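Student: Protein chains in written order, with this note's numbering: chain A, -8 to 237; chain B, 279 to 471; chain C, 14 to 469. For every residue, glycine included, the Cβ atom is placed at its ideal position computed from N, Cα and C. Here the structure is a predicted model, which means the values were calculated and not measured.
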Amino acid sequence: MKVGLFIPCYINAVYPEVGRASYELLRKVGCEVEYPLDQTCCGQPMANAGFEKDAKALAERMDALFAKYDYVVGPSASCVVFVREGYPRLLDNYKEHACVDARIWEICEFLHDVVKPARLDARFPHRVSLHNSCHGVRKMDLSSPSEMNVPLHSKLRDLLALVEGVEVAEPERRDECCGFGGMFSVEENAVSVAMGRAKVQRHIATGAEYITGADSSCLMHMQGIIDREKLPVKTLHIVEILNSKL
Amino acid sequence: MSSKDEILKKLSADGMPEYPYPVPDFTPQRFDDPAATFAERLEAAGGRAVRMAPDETLDDVVRRCYPDARTIASTMPELGIATLDPDAVEDPRELVDVDLGVVTGAFGVAENGAVWIAQDIRHKALYFGATALVIVIPKDAIVDTMHEAVMRPEVDDFGYGCFMSGPSKTADIEQALVFGAHGPMSVTVVIRA
Amino acid sequence: MSTHSKAAKRFVADAERMAWHDKALYAVREKRDRMMMTVPEWEGLRRLSSEIKRHTLSRLGHYLCEFERNATANGMVVHWAKDAAEMNATVWELVREHGGTNLIKSKSMLSEECGLTPYLEERGVDAVESDLGERIMQLLHRPPSHIVLPAIAVRREEVGTLFEREMHTEPGNSDPTYLTHAARKALRPKFLDADISMTGVNFAVASTGALAVCTNEGNADLGTSFADLHIAIMGIEKVIPDMAALAVFTRLLARSGTGQPVTSYTSLYRRPAPGKQIHVILVDNGRSEWLADAAHRNMLKCLRCGACLNTCPVYRRSGGSTYSYFIPGPLGINLGMLRSPKLYHGNVSACSLCYSCSDVCPAQIDLGEQIYMWRQQLDGLHLADPVKKLSVKGMDFIMGGRRRFYGGIALARAAEKLPRFVLENGLNPWSAPGRAMPPFAPKTFNGWWKKTKKDE
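1. Name the one or two DSSP bridge partners that Met429 of chain B has.
2. When you compare the CB positions of Arg319 of chain B and Gly386 of chain B, do they come within less than 7 Å of one another, or not?
3. My output table needs one value for Val435 of chain C: the three-state DSSP class, helix, strand or coil.
4. Count Cβ pairs between the region 193 to 201 of chain A and the region 70 to 84 of chain C that sit closer than 8 Å; are there 3 or more?
5. So is Lys118 of chain C in contact with chain B if we call contact Cβ pairs under 7 Å?
6. Identify the continuous beta strand (DSSP E) that holds Ile340 of chain C and give its terminal residues.
7. Spatial neighbours of Tyr60 of chain A within its chain, please: C-beta separation below 6 Å, excluding the five flanking residues on both sides.
8. Between Ala40 of chain A and chain F, is the shortest Cβ-Cβ distance under 7 Å, so that the two count as touching?
9. Count the other CB atoms, across all protein chains shown, that sit within 10 Å of the CB of Asn438 of chain C; report buried if there are 16 or more and exposed otherwise.
10. Can you give me the start and stop residues for the alpha helix (DSSP H) that Gln151 of chain C sits inside?
11. Does Met429 of chain B pass the burial test, meaning 16 or more other C-beta atoms within 10 Å, or should it be called exposed?
12. Does the beta-carbon distance from Thr7 of chain C to Ala102 of chain C come in below 7 Å?
13. For a contact defined as C-beta to C-beta under 7 Å, what are the partners of Asp372 of chain C on chain A?
14. Quick check on Tyr299 of chain B: buried or exposed, where buried means 16 or more other Cβ atoms within 10 Å of its Cβ?
15. Can you confirm whether Pro7 of chain A, when its beta carbon is compared against all beta carbons of chain C, has any partner nearer than 7 Å?
16. At a Cβ cut of 9 Å, what residues of the region 147 to 174 of chain A count as close to chain C, listed as they run along the chain?
17. Out of A:Thr203, A:Glu161, A:Ser208, A:Lys221, which has the shortest C-alpha to C-alpha gap to Gly173 of chain A?
18. Do Pro312 of chain B and Ala388 of chain B have their C-beta atoms within less than 7 Å of each other?
19. Count the C-beta pairs between the region 147 to 159 of chain A and the region 107 to 114 of chain A that are closer than 8 Å, then say yes if the count reaches three, no if not.
20. List the residues of chain B that Tyr278 of chain C touches, going by C-beta distances under 7 Å, in chain order.
21. Any C-beta of chain C within less than 8 Å: which residues of the region 184 to 203 of chain A qualify?
22. In terms of alpha-carbon separation, which member of B:Asp418, B:Leu357, B:Glu432, B:Pro302 lies closest to Arg470 of chain B?
23. At least one CB of chain A closer than 7 Å to the CB of Tyr338 of chain C: is that the case?
24. Which of the residues in the region 296 to 307 of chain B, read from start to end, lie with their CB under 9 Å from any CB of chain C?
25. Would you mind stating whether Tyr438 of chain B and Tyr282 of chain C have Cβ atoms separated by less than 7 Å?
26. Would you mind reading off the limits of the beta strand (DSSP E) that contains Thr130 of chain C?
27. Please check if any C-beta of chain A sits within less than 7 Å of the C-beta of Leu316 of chain C.
28. Is the shortest distance between the beta-carbon of Met49 of chain C and the beta-carbons of chain A less than 7 Å?
29. So, with DSSP's three-state summary, where would you put Glu183 of chain C?
30. What would DSSP say about Phe204 of chain C, mapped onto helix, strand or coil?
31. Under 8 Å, with one C-beta from each stretch per pair, do the region 394 to 403 of chain C and the region 47 to 55 of chain A reach the 3-pair mark?
32. Could you name the residues of chain C that Arg319 of chain B contacts, counting a contact when the two beta carbons are closer than 8 Å?
33. Please confirm if Lys53 of chain C has its CB atom under 7 Å from at least one CB of chain B.
34. Between Met256 of chain C and chain B, is there a C-beta pair that is closer than 7 Å?
35. By the DSSP assignment, the beta strand (DSSP E) with His212 of chain A in it spans what residues?
36. Does any residue of chain A bring its CB to less than 7 Å from the CB of Lys44 of chain C?
Dropping the structure here:
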């Protein structure tokens, strides 16, 4: 299975280890992985701030970079959601089912729904608290939203069940927003930080050593609060756990 | 052009396509024991359901539930202990703060503990002004959900009617639940034997 | 900084109060969740409710006329008002014709929207709010901060002090039961002596010409029990086709809003009692224009349950008074923009795009998605924040070229060596009190890939 690896801008710059873990993990489950060089940004930050149209050139660039891949896979739920929802409005000569939005997957949903590995040969003997990010939950169905009367499920939990030794907890208010929200965290920084603090405290209350999830942007926001307040917990992208060594 | 015509003209030019009346894609829930569910949910709403025993009179039940009530207003002929005929009163203000009103309800709704009352007394003030209210409903008159409730014949013809679920309540001060905001402090639904 | 953001900063500064507000409202959200779980067909109900509203909106003129016909046949009098001014004038005319200056009101968001109470007060009418929360706000001379829980941001001690002054309650007693019953006593004469009663309308049933009014306190019904004139005001979107639709909405309304299976009172006014009158005013006030706006017409499906406020993490932590429109939260952000982008665009920032509002809405309104759309529209309306615009243009410029992007990261990495006070100041958008900057990695993923592949 040939996969084009999509590495969002802030992962490229701030969390390259998440990119490496994604690459290794996809290889481990039998995918042939290519990384089209010189990727920058999908355009989500501009769009959430109210300048979706300014993301047009970036969308065209993404679409061209990944034109030859049947599967485009990236370790960020919110970026993938933006490509799926925003690109149909942005791409010139948009063709349904043909452009990158129709072929892009968040890495956990790709593993869970497409690759379906029976084992991961991973071991992570720690207690982790699951961060159900808003776009992952409410726009991608990585887990069932607490607002809806639907059967409980979590693709993240299903994948973590393949990891030896890991203990999975979820915070109270399991899918309440952490307050990142892109430009929101800047423009409404008082509320954003208040939301982030509350979220981190609820993760800590589970007794977990790590907060893990499928969105580095939420983790980055929470890590900023953890660092500033020197709190006893760390953030770690879920691919790094799924890719941990036995 | 009248305001009505102006509004209608704008509405007809809203550019919205016409959508058909939808068909539900579900079967409404049913309860194994609707009367038990009714009682449970009425209690959660702050009221209570009381079943009349076969050998009990309405007087007995009302006395049993409200032993201290002194002024009791009711138009029900079988209620011997009534002290006031609310229909004989000219001014509805006289019904305010009577200890107890005893009135007729048509049926209960299991899913929410509500009782449908179609006004059959002269002043509806009694329903809301009495300190406590007893609503008497026929035996087995409990429907499962509101879907069934609104289709009942009693909800087809009325001047004023109300689905009443428990006593008047508010949580407007710090979300603390308090009964008796303006209306009855206590509501008991009596189910006939 | 947006108007909301500035005001929210002050609300957040009182950490204890913010935490209380957040917790109180989240508890309502949790009650709602428990209620939802008792209804297996919940999602089907939401879908049905949304589709009934859509159908009704698509034939709104038809249903309004049907309602008018049936309500008139039932003995009510129906008026039409194209805007707030006409509604207020119609009410005033009815009041004058009838005589009397004591008016008892039950909660109506439309009344707030049209500024009816101050309008009547200017004309010497004593318009008394009878819903406890509304009455507290009226006596405090402050607008409600929630559409269903008007006094949610007021602490019990404040109510105690207020009632001590207004109702001569015991000094220092702030027990909610005591205060509620004091208000009950104090409002009794207002109900009994009212010349006119006024209510809002939750649903107007076209097929029967009946008005449904939902309350927990019974204040609407007590109000209409004495005065011989009942004036009911409603937005034109409140009409529903029939009783079957009423069942759907009453199953959803209170469960969504307060976590009750139904409100204590769901009252249906169909025919005026002998010797009494019911006048209904159908108010447009912008709604027909919103209906023509395909991107935002869904807002007219709203049942006014308040669930989107309770679930909104931003509203819970910033309170109703930080929004410039009289309705706060996701609902208010959207309705404010429909009313006037120029006046109310300062609320559009108050959303982290978590979309919880869209998932709780009992009419499946895409509230979060519409806020996203409004953000896109701001630039075209010349209302975009110039600083934000500049920063986006800057981001766009950097992301637009690989050299600029990777060169930029190298620069930023170097900049990190600067002392912390240079980085974490007000000029750096990412720095906020309480959140540290993320450090850049020594090597980008792109750089690592290039090196690894070269080495392979």
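Tutor: So, to answer that:
1. By one-based count along the second sequence, residue 429 of chain B stands at place 151. For Met429 of chain B, which the question treats as bridged, DSSP gives no partner whatsoever.
2. For the purposes of this step, residue 319 of chain B is taken as residue 41 along the second sequence, with counting starting at 1. For the purposes of this step, residue 386 of chain B is taken as residue 108 along the second sequence, with counting starting at 1. No; because the gap between Cβ atoms is not below 7 Å, this pair is not in contact.
3. Here residue 435 of chain C corresponds to residue number 422 of the third sequence, with the count starting at 1. Its pLDDT being 48, under 50, Val435 of chain C is placed unreliably by the model, and the measurement read from it follows with that caveat. DSSP places Val435 of chain C within a helical segment (H, G or I) once states are collapsed to three.
4. With the cut-off at 8 Å, the region 193 to 201 of chain A and the region 70 to 84 of chain C do not touch.
5. By 1-based counting over the third sequence, the position of residue 118 of chain C is 105. Answer no: the Cβ-Cβ gap between Lys118 of chain C and chain B never drops below 7 Å.
6. Here residue 340 of chain C refers to the residue found at position 327 of the third sequence. Element bounds for Ile340 of chain C: n/a, residue is neither H nor E.
7. On the first sequence, position 69 is the one that residue 60 of chain A refers to. Excluding sequence neighbours, Tyr60 of chain A sits near Gly(-5).
8. Reference to chain F is not applicable here, since the protein chains of this structure are A, B and C.
9. The residue you call residue 438 of chain C lines up with position 425 of the third sequence. Bear in mind that the predicted position of Asn438 of chain C carries a pLDDT of just 47, short of 50, making it unreliable; the figure below should be weighed with that in mind. By the Cβ-count criterion, Asn438 of chain C is exposed, with fewer than 16 other Cβ atoms from all chains shown falling within 10 Å of its own Cβ.
10. One-based indexing of the third sequence puts residue 151 of chain C at position 138. 145 to 153 is the span of the alpha helix (DSSP H), which, as asked, contains Gln151 of chain C.
11. Position 151 of the second sequence holds residue 429 of chain B. Around the beta carbon of Met429 of chain B, fewer than 16 other beta carbons sit within 10 angstroms, so the residue counts as exposed.
12. In the structure displayed, chain C extends from 14 to 469; residue 7 of chain C sits before or after that span and is not available.
13. Counting from one through the third sequence, the residue named residue 372 of chain C turns up at place 359. Neighbours of Asp372 of chain C in chain A, taken as residues at a C-beta separation under 7 Å, are given in chain order as Arg129, Pro136, Glu138, Met139.
14. Walking along the second sequence from the start, residue 299 of chain B turns up at place 21. Around the beta carbon of Tyr299 of chain B, fewer than 16 other beta carbons lie within 10 angstroms, which makes this residue exposed.
15. Stepping through the first sequence from its first residue, residue 7 of chain A is reached at position 16. Chain C has a Cβ within less than 7 Å of the Cβ of Pro7 of chain A.
16. Listed by position, the residues of the region 147 to 174 of chain A near chain C (Cβ gap below 9 Å) are Arg164, Asp166, Glu167, Cys168, Cys169, Gly170, Phe171, Gly172, Gly173, Met174.
17. For the purposes of this step, residue 173 of chain A is taken as residue 182 along the first sequence, with counting starting at 1. Nearest option by C-alpha distance: A:Ser208.
18. In the second sequence, counting from the first residue as 1, residue 312 of chain B sits at position 34. In the second sequence, counting from the first residue as 1, residue 388 of chain B sits at position 110. Yes; because the gap between Cβ atoms is below 7 Å, this pair is in contact.
19. The region 147 to 159 of chain A, when compared against the region 107 to 114 of chain A, does touch it at the 8 Å Cβ threshold.
20. What you label residue 278 of chain C is simply residue 265 of the third sequence in a count that begins at 1. Against Tyr278 of chain C, the close residues of chain B are Cys440, Met442, in the order they occur along the chain (beta-carbon pairs closer than 7 Å).
21. Residues Val184, Ala185, Met186, Gly187, Arg188, Ala189.
22. As a first step, residue 470 of chain B is located in the second sequence; it is residue number 192 there, counting from the start. Ranking the options by Cα distance to Arg470 of chain B, first place goes to B:Asp418.
23. As a first step, residue 338 of chain C is located in the third sequence; it is residue number 325 there, counting from the start. By this cut-off, Tyr338 of chain C is not an interface position.
24. So the list reads Glu296, Tyr297, Pro298, Tyr299, Pro300, Val301, Pro302, Asp303, Phe304, Thr305, Pro306, Gln307, given in the order they occur along the chain.
25. For the purposes of this step, residue 438 of chain B is identified with residue 160 of the second sequence, where counting begins at 1. For the purposes of this step, residue 282 of chain C is identified with residue 269 of the third sequence, where counting begins at 1. Contact: yes.
26. Position 117 of the third sequence, counted from the start, is the residue given in the question as residue 130 of chain C. Here Thr130 of chain C belongs to no beta strand (DSSP E); instead the alpha helix (DSSP H) covers 129 to 135.
27. Numbered from its first residue, the third sequence carries residue 316 of chain C at position 303. Cβ-Cβ to chain A under 7 Å: no for Leu316 of chain C.
28. Residue mapping note: residue 49 of chain C aligns to position 36 of the third sequence, counting from 1. Taking a beta-carbon distance threshold of 7 Å, Met49 of chain C counts as an interface residue toward chain A.
29. The count along the third sequence starts at 1 and reaches residue 183 of chain C at position 170. Coil at Glu183 of chain C, not helix or strand.
30. As a first step, residue 204 of chain C is located in the third sequence; it is residue number 191 there, counting from the start. It is helical.
31. In short, these stretches do not touch, since the Cβ pair count stays below three.
32. Counting from 1 along the second sequence, the entry for residue 319 of chain B is found at position 41. Taking a Cβ-Cβ threshold of 8 Å, the residues of chain C close to Arg319 of chain B are Pro274, in chain order.
33. As a working mapping, residue 53 of chain C is identified with position 40 in the third sequence. Note that residue 53 of chain C is Pro in the sequence shown here, rather than Lys. Closer than 7 Å to some Cβ of chain B, the Cβ of Pro53 of chain C qualifies, so yes.
34. Residue mapping note: residue 256 of chain C aligns to position 243 of the third sequence, counting from 1. Taking Cβ atoms only, chain B reaches closer than 7 Å to Met256 of chain C, which makes this a yes.
35. Position 221 of the first sequence, counting from 1, holds the residue named residue 212 of chain A. Going by DSSP, His212 of chain A is part of no beta strand (DSSP E) but of the alpha helix (DSSP H) stretching over 207 to 220.
36. Mapped onto the third sequence, residue 44 of chain C falls at position 31. Against chain A, the CB of Lys44 of chain C has no partner CB under 7 Å away; the residue lies outside that interface.
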